[in-house]
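Asker:
Protein chains in written order, with my numbering: chain A, 1 to 309; chain B, 310 to 837.
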């Protein structure tokens, strides 16, 4: 097969994966919608008279369950298509497909989806499916806006530090993403718990304390990875490629800011005993700085990391 | 006593202590960390002198009123500004104030024995109990085995035998190592900043460079570096190779940049050959030579109206973008009767689609190189002693030379072509050469920050993954109605991080402990 054909297959697989992931998102939204219906039925029963409320879930729960399963199945399909797209992209470019923002986004979402599916298999975290699919769609959309045809690397990227640096940073980013998702869900659920009004949609989420802990654990894994990727592998490579290990290039500035904010988060969690709300907000600030260093710098700024154009 | 009168009654000594406690508190450290993050932001929005001095100049031209204000508050060199330095120095002070006492506490904890069991195990986050026919000694030895490498004391108390165990000392060690290594990194960065130098130079093929200050196009050095002591190496660019993709979707993208150089590390040394490639610098004693750019340097020969060759040299044309459309200037001070200046562009692969369509360049490789120039005559302004850039033409005292049609005279040359100039003389595009742009830098102690971060990372992982835990096992003998000797065992567990959670593996611990006993005849168990 010719290189152009591989590139073509990769593009088709990418588009197909995006569509399938969109369907998975719809399925999860439907799951939530039906869960909401359960609640309204419950209320009707409660108000309808002295008859003790029969378990109303029986009719609707299987529907909710089915939509959840459809969502996960579609996510598996989307992840498979994405992996196929990544592999054919690598074949087309004859290198590891991590050379530009488009490929970075592609591989990043593939890794995030596979991580999520592994967690579903091990810990039954289907409840996060809708959020994961939504984040994945946004990231894929952002990657599409930076599309470049498959091709070889520019000389500056031709170094094995490139793979080490990029993959460590990307893995850390995937964990930051999961941590941020858990923090968002935590804030929503904790609010409902505080009000004493946990609806049927939120009831599908684990307790707030569980998500608080999950966010901390994931971020605690991501932080050393980020330290390695951005503050060890990055500077070493920068030394060879640009003649200095640290030069306050906008990307470096934001990588540093991200590191500082997450360092603050871990301190707040571990030492100052900031749990729950304040920690979750801290984590989300950190994630915003990460997003900016990943995407915003390339979009708004110039600098040596400007391979987006 | 209200706080304000108390504050006014503080002696200077108390005041210093109060300040110190405030500074070293966790709340202050967190605040300073966030402040550091916020303070780093402007450096990514406003061009920085140390990163891109030309961008700073452009910013001054575009914002003539705003730029001096920003300059006054150090916005063009954020990371060496007093306020940025103040934040991280305070942070370091806070760090030291936090770390030093903790080292003392840790040293004491290392020598301390595990603490005695709390009176009421039910108050612990996790506890359990069971009764067994095994003896107290058997319970204790099974407990020892289960707790493995924890620090263990076995003590006889009024209530029986008590096993005290503590593990996870590595957590705090990792924590201390991580924070100390931040100081190591900072010291390393400071040494690098004070004693380093970094310069950039463009060298045309066939030309040489010797490492002295006057040869650099740009040069920066740390305040404690003496530029007169630059290491005396030198190099000559034999060939600058630039290859681009000539087909496919990435046509025009660079494929290889390589500078073949001959260098001498010290004067008198045997010259050596080296191929400097992007990502593969030439490392010499006292400096690394990096290839960070390249471009075209057409060889231009100018003959004046008297028939004298007044200029014959390679002229560096600075690339403006990825297509290598380049701009350059030729200054001919020796031309008679008047000095001449040429300014224009270079196109590596010029294409003209029609008579009226403007010529443009379509490929960065030199397939159809063309130099396009316009001409000025008069005074170049070189004689009044003010330094001027070789890449700009000062036209204040010059007039543009016009052609017969009254329009500005246009010069367009391919290699080997000669064009006659109005008023006599000629200009020739003799040959096309390339130039290499090198960055030469030496940062002392650059491995110190690397070692610091790496050791810090190991410490960090220990401090995040090791879970310190205290375990107590009490064993008391009693006799039941049937006259059997029984041992009732109580187990209490306290995870020090996280503090208020039920230890998840307590069930497994209790089960394994019972199974480790020689008689598995355990009678009843409870767990809270």
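Quick reminder that beta carbons are idealized off the backbone N, C-alpha and C, glycines included.
Here the structure is a predicted model, which means the values were calculated and not measured.
Please report the distance separating the alpha-carbon of residue 310/B from that of residue 318/B.
Answerer: With a pLDDT of 43 at residue 310/B, under the threshold of 50, the modelled position of that residue is not reliable, and the figure given next carries that caveat. Roughly 11 Å between the two C-alpha positions.
Asker: Using 8 Å for Cβ pairs, my map puts residue 241/A next to residue 156/A. What's the rounded Cβ distance?
Answerer: That pair is a contact at about 5 Å.
Asker: Could you give the first and the last residue of the continuous beta strand (DSSP E) run that contains residue 626/B?
Answerer: Segment: none, residue 626/B is in no beta strand (DSSP E) and carries neither H nor E.
Asker: Could you tell me if residue 821/B is buried or exposed, where buried requires 16 or more neighbouring beta carbons within 10 angstroms of its beta carbon?
Answerer: Per the 10 Å Cβ criterion, exposed.
Asker: Tell me the rounded alpha-carbon separation between residue 760/B and residue 494/B.
Answerer: Cα to Cα, residue 760/B sits roughly 8 Å from residue 494/B.
Asker: Three or more C-beta pairs under 8 Å: does that hold for the stretch 548-556 of chain B against the stretch 194-214 of chain A?
Answerer: Short answer: they don't touch.
Asker: Classify residue 329/B as buried or exposed, calling it buried when 16 or more other Cβ atoms lie within 10 Å of its own Cβ.
Answerer: Exposed.
Asker: If the cut-off is 8 Å on Cβ atoms, which residues from the stretch 555-568 of chain B count as contacting chain A, listed in chain order?
Answerer: If the cut-off is 8 Å between Cβ atoms, the stretch 555-568 of chain B has 557, 558, 559, 562, 563, 564, 565, 566 near chain A.
Asker: Just to confirm before moving on: does the CB-CB distance between residue 475/B and residue 423/B stay below 7 Å?
Answerer: Against a cut-off of 7 Å, the Cβ pair of residue 423/B and residue 475/B comes out as a contact.
Asker: Taking the alpha-carbon of residue 607/B as reference, which of 677/B, 540/B, 496/B, 503/B has the nearest alpha-carbon?
Answerer: Among 677/B, 540/B, 496/B, 503/B, the Cα nearest to that of residue 607/B belongs to 677/B.
Asker: Would a C-beta distance cut-off of 7 Å place residue 27/A and residue 78/A closer than the cut-off?
Answerer: Contact: no.
Asker: Extract the residue ranges of the alpha helix (DSSP H) inside the stretch 229-302 of chain A, only unbroken runs of 4 or more that lie entirely within it.
Answerer: DSSP runs (the alpha helix (DSSP H)) wholly in the stretch 229-302 of chain A: 234-242, 250-270, 276-291, 297-300.
Asker: Name the DSSP beta bridge partners of residue 778/B, please?
Answerer: According to DSSP, which records beta bridges pairwise, residue 778/B is partnered with 476/B, 804/B.
Asker: Go ahead and label residue 656/B buried or exposed: buried means 16 or more other beta carbons lie within 10 angstroms of its beta carbon, across all protein chains shown.
Answerer: Buried: at least 16 other Cβ atoms inside 10 Å.
Asker: Within the 7 Å Cβ cut-off, does residue 88/A reach chain B?
Answerer: With 7 Å as the cut-off, residue 88/A does not count as an interface residue toward chain B.
Asker: Within the 7 Å Cβ cut-off, does residue 726/B reach chain A?
Answerer: Answer no: the Cβ-Cβ gap between residue 726/B and chain A never drops below 7 Å.
Asker: Going by DSSP in three states, residue 728/B sits in which element: helix, strand or coil?
Answerer: Strand.
Asker: Out of 658/B, 697/B, 826/B, 642/B, state which residue places its alpha-carbon closest to the alpha-carbon of residue 724/B.
Answerer: For residue 724/B, the nearest C-alpha among the options comes from 658/B.
Asker: Run down chain B in chain order and give the residues with a C-beta less than 8 Å from the C-beta of residue 242/A.
Answerer: What residue 242/A touches in chain B: 599, 601, 748.
Asker: Who are the neighbours of residue 349/B on chain A, taking C-beta pairs under 7 Å?
Answerer: Near residue 349/B (Cβ distances below 7 Å), the residues of chain A are 253, 256, 257.
Asker: Using 7 Å as the limit for Cβ to Cβ distance, is residue 352/B near chain A?
Answerer: Yes, because at least one Cβ of chain A sits closer than 7 Å to the Cβ of residue 352/B.
Asker: What number of angstroms, rounded off, separates the C-alpha of residue 42/A from the C-alpha of residue 133/A?
Answerer: Model confidence at residue 42/A stands at a pLDDT of 47, short of 50, so the residue's coordinates are unreliable and nothing is read from them.
Asker: How many Å lie between residue 824/B and residue 467/B at the Cα?
Answerer: For residue 824/B and residue 467/B, the distance between alpha carbons rounds to 27 Å.
Asker: May I ask you to report which of helix, strand or coil DSSP gives residue 652/B?
Answerer: Note: residue 652/B maps to strand in three-state DSSP.
Asker: DSSP three-state call for residue 560/B: helix, strand or coil?
Answerer: In this structure, residue 560/B counts as coil in the three-state DSSP scheme.
Asker: In whole angstroms, what is the alpha-carbon distance linking residue 639/B and residue 577/B?
Answerer: Taking the straight line joining both Cα atoms gives about 35 Å.
Asker: Can you grab the Cα-Cα spacing for the pair residue 48/A / residue 209/A, in whole Å?
Answerer: The predicted position of residue 48/A is uncertain, since its pLDDT is 43 and thus under 50; no value can be drawn from it.
Asker: Count the other CB atoms, across all protein chains shown, that sit within 10 Å of the CB of residue 572/B; report buried if there are 16 or more and exposed otherwise.
Answerer: So residue 572/B ends up on the buried side.
Asker: State yes or no: is the beta carbon of residue 544/B nearer than 7 Å to at least one beta carbon in chain A?
Answerer: It does not: the Cβ of residue 544/B has no partner Cβ on chain A nearer than 7 Å.
Asker: For residue 758/B, does the three-state DSSP call read helix, strand or coil?
Answerer: Residue 758/B: helix per DSSP, three-state reduction.
Asker: Does the count of Cβ pairs from the stretch 521-531 of chain B and the stretch 277-292 of chain A closer than 8 Å reach three?
Answerer: Taking 8 Å as the limit for Cβ pairs, the verdict is that the stretch 277-292 of chain A does not touch the stretch 521-531 of chain B.
Asker: Consider the Cβ of residue 511/B: report whether some Cβ of chain A lies at a distance smaller than 7 Å.
Answerer: Chain A, which has no Cβ nearer than 7 Å to the Cβ of residue 511/B, makes this no.
Asker: Compare the C-beta of residue 151/A against all C-beta atoms of chain B and say whether one is closer than 7 Å.
Answerer: Answer yes: the Cβ-Cβ gap between residue 151/A and chain B drops below 7 Å somewhere.
Asker: How far does the alpha helix (DSSP H) with residue 122/A in it reach, from first residue to last?
Answerer: Note, residue 122/A: alpha helix (DSSP H), 101-123.
Asker: Can you tell me whether DSSP reads residue 767/B as helix, strand or coil?
Answerer: Three-state DSSP puts residue 767/B in a helix.
Asker: Can you give the Cα-Cα distance for residue 575/B and residue 583/B, rounded to whole angstroms?
Answerer: Roughly 15 Å between the two C-alpha positions.
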